[in-house]
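Data first, discussion second: the structure below is written as structure tokens.
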Amino acid sequence: MDSEYPPLPSLKSINASLQNVSLSDSEGVAQGSSRSGSSTPISLPVTNGRGQNPKSSQPNTNTQAIVDGGDLIMEYTPSKQTSLGTTNAPLTYRWKVSSESLIQSSPYFRVFLDPEKFSEGRKFMKQRELHSFDVDPQLNGDADATGFSEQEDALPIMGMPDNHLSRRLGPDTIGFFLRILSFNSFNEEEKESFDAEVKSQRPLFIAGLIEMADAFNSPTAVRDALQRSGYTLGKPKLPLTKFNSSMLKLNEDRVRQSIFIARFLNDRIIFQMLTHALIVSGSRFWVNGLEAPELGTPSWHYFSDGIEEELYYRRQSVLDTITDLQAHFLRVYGALDDPSTPKRSNPSATSAAASRQYQCRCALGNSSACDTFHLGQMTRFFSLRTKTIFIGSTLLDPDFKPDIEDPDADADSEAGTQPERPPDITSVISLLKQCPDYQIDSNHTACGIRRRFLPSLDCIEGFVGDERGLLGVNLNHWRGEQNRGGGEQKWPNIQGSWANRSHRRAYVMDLRLSRISGIPSMSPGSIAGQFREEDARLLFTAKKRNWES
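Using my numbering, read the sequence shown as starting at 1418 and increasing by one per residue.
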């Protein structure tokens, strides 16, 4: 008996008409946003009904079913194979997912798989409809359809672009990202298990996951997953809600990854504590000043939106304040000129010595010898013990080297070594506090700089070691103020930056003993932080400091 309906078309003929589908058409190309601003279209290859191109060699596949009832296979083949893969048979990773979950969780896939916006979405819908027929192609005359009995082999395959992702992001990160997007397809037990798995991940892995979320314009899904699981930066051994000296012992990469994650989650407290710790401890990337990041550099090696520049500027401001304190005592003992005193056209040693007030408190006949003694002790201590000042020559070119060496050998030696992390500020202050209290004789026990030097160091140390992280970046001021102008502001013109001249600044600051006693002269402007944070900014950015007012 003849059927009332015409026979279904052969899958062989259908595949012949759909081979080598391209993502670009007259309507546009779906692209993912990335940190670098570049984007690459994703290809959606149409297979021969078995998930393979009949003209290509059989790849080594590794398929993971994220959603058992999924209707789409995501495929990833690294361009550069590791020892696990070969040139003839590249290692390919596949994940079975639900297109509905991808569309709900990711704006990127929502646009890309929309049949009303892109031809790729329409072609995907057609392939899914063909799969829904669930017809054995051998019964329909397709001789090349061996192995079609496996259901996932007939699903449409979408290739994850290799050049759209950083080389550091491997299949583990991609698979975890797809599981986050598929969270709504899990049952309650699977959701609970996955949240526990998210919470246990290391900061390095989560930082890479955030980079991938940025590349595929899906930050909300990843942020919700981290917040839902109560992610705590990989179970740190010490609390991160208050600053303490133990934070300075953390690995710099760990600190930077945690800062990157805290900013993504808008965790103001942890972000401020860890940025304070990085300012105090310093970075190996700041040894030779700030340098533009190379292509492919992890996002946490050079923070975006002016954060990296701000952290470097704040550290230099603190070090400049310590240098100014040393210069103050070198100046009062006659080793440096006073910048506020007008220079004479032909000054003499006699007039210069007469104009300087003796620092000796005994007012004896050997006061000049007492000052000279303490100047020598102070210079020796700063240059040899703490190495916080450098005594060199102004006659020589600083780049001149008397011994000409092989430049190739120097380049090879430099390439094999990484810059060491600079000493943290607390260590510098601790060294300076070891200033000796030697005297020229027993009649000068009240002379010297130690009893005058330590209170000023205590003032600086009070801001550097404060458990509130006063040097760190406050996201409430940094972000909230930044968006009020309605335009994109760049560093240093970002509200909340220490370098922003729209904030008020101390022209003269008076310090007495170990505290700020007054600010007699200040420029008009807005504040950039809370009470103690503002005091720290004013101290470390002041134009002039009267250390013994």
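Cβ atoms here follow ideal geometry from the backbone N, Cα and C, with glycine treated the same way.
If you draw a straight line from the C-alpha of residue i to the C-alpha of residue j, how long is it?
i	j	result
K1734	I1877	The question names Lys, yet the displayed sequence has Ser at residue 1734. In a straight line, the C-alpha of S1734 is about 12 Å away from that of I1877.
N1963	E1727	26 Å
S1599	S1518	5 Å
T1958	W1915	7 Å
P1588	G1913	39 Å
A1560	K1543	The predicted position of A1560 is uncertain, since its pLDDT is 41 and thus under 50; no value can be drawn from it.
I1911	V1484	45 Å
P1909	G1793	41 Å
E1872	A1863	Going by the sequence as given, residue 1872 is Pro instead of Glu. Going by the C-alpha atoms only, they are around 16 Å apart.
Q1856	S1698	35 Å
S1450	L1682	In this predicted model, S1450 has a pLDDT of only 39, less than 50, meaning its place in the structure is not dependable enough to derive any value.
D1579	E1605	33 Å
R1921	Q1947	13 Å
G1378	F1817	In the structure displayed, the chain extends from 1418 to 1966; residue 1378 sits before or after that span and is not available.
E1628	S1940	41 Å
T1504	E1725	Low confidence applies to T1504: its pLDDT is 47, below 50, so where it sits in the model is not reliable enough to give any reading.
E1951	T1480	56 Å
D1755	G1651	53 Å
A1632	T1714	14 Å
R1511	M1491	5 Å
I1933	R1797	29 Å
K1534	M1577	20 Å
T1740	R1869	16 Å
Applying the 10 Å Cβ sphere with the 16-neighbour rule, what's the burial state of residue i?
i	result
G1942	exposed
T1738	buried
K1513	buried
L1812	exposed
V1672	buried
Q1743	buried
I1597	buried
R1731	buried
S1515	buried
L1892	buried
S1716	buried
V1704	exposed
A1953	buried
A1709	exposed
N1601	exposed
G1723	buried
D1641	exposed
L1582	buried
A1945	buried
A1571	buried
What distance in whole Å lies between the Cβ atoms of residue j and residue i, which are believed to be in contact at a cut-off of 8 Å?
i	j	result
G1889	I1696	7 Å
L1657	I1676	Actually they are not in contact, since the Cβ atoms of L1657 and I1676 sit about 10 Å apart, beyond 8 Å.
A1630	S1522	Contact flag wrong, Cβ pair sits at about 11 Å.
L1801	I1846	Going by Cβ atoms, the distance from L1801 to I1846 rounds to 18 Å, so no, they are not a contact pair.
R1584	D1612	Not a contact, Cβ separation roughly 29 Å.
L1626	F1603	No, L1626 and F1603 are not in contact; Cβ-Cβ is about 18 Å, not under 8 Å.
I1591	Y1493	6 Å
L1643	V1615	7 Å
R1619	E1669	Wrong, their Cβ atoms sit about 15 Å apart, outside the cutoff.
L1621	Q1674	6 Å
L1848	T1803	4 Å
L1489	M1575	6 Å
R1773	G1751	5 Å
Who are the near neighbours of residue i in its chain, counting only those whose CB is closer than 7 Å to its CB and skipping five residues on each side?
i	result
S1381	Only positions 1418 to 1966 of the chain appear in the structure, and residue 1381 is not among them; the question remains open.
I1866	F1746, H1791, M1795 and C1852
R1935	Residue identity differs from the one stated: residue 1935 is Gly in this sequence, not Arg. Same-chain partners within the cutoff: D1927.
L1781	N1860
I1520	F1526, R1527 and L1530
S1919	G1942 and S1943
V1749	Q1776
K1608	F1600
Counting only the same chain and skipping the five closest in sequence on each side, list residues whose C-beta sits under 6 Å from that of residue i.
i	result
E1884	K1659 and F1660
L1955	A1923
S1663	L1655
P1532	G1538, R1539 and M1542
M1949	A small fix is needed here, since residue 1949 is Arg in this sequence, not Met. Around R1949: L1887.
C1389	The shown model of the chain, from 1418 to 1966, leaves out residue 1389, and the question about it has no answer.
P1524	N1634
S1496	D1579
Distance cutoff 9 Å, beta carbons only. Does residue i sit that close to anything in chain D?
i	result
T1480	Going by chain labels, chain D is absent from the structure shown, which holds only one protein chain.
In chain order, what residues of the same chain lie with their CB nearer than 8 Å to the CB of residue i, ignoring the 5 residues before and after it?
i	result
M1690	L1657, T1658, K1659, F1660, M1664, G1886 and G1889
T1649	K1616
Fully enclosed by the region 1773-1852, which alpha helix (DSSP H) runs are 4 residues long or longer?
List check, alpha helix (DSSP H) in window: 1784-1797, 1824-1832 and 1842-1849.
For a minimum of 3 consecutive residues, which ranges assigned as the beta strand (DSSP E) are wholly contained in the region 1583-1634?
none
Enumerated in chain order, which unbroken segments of the beta strand (DSSP E) with a length of 3 residues or greater are wholly contained in the region 1502-1544?
1508-1514
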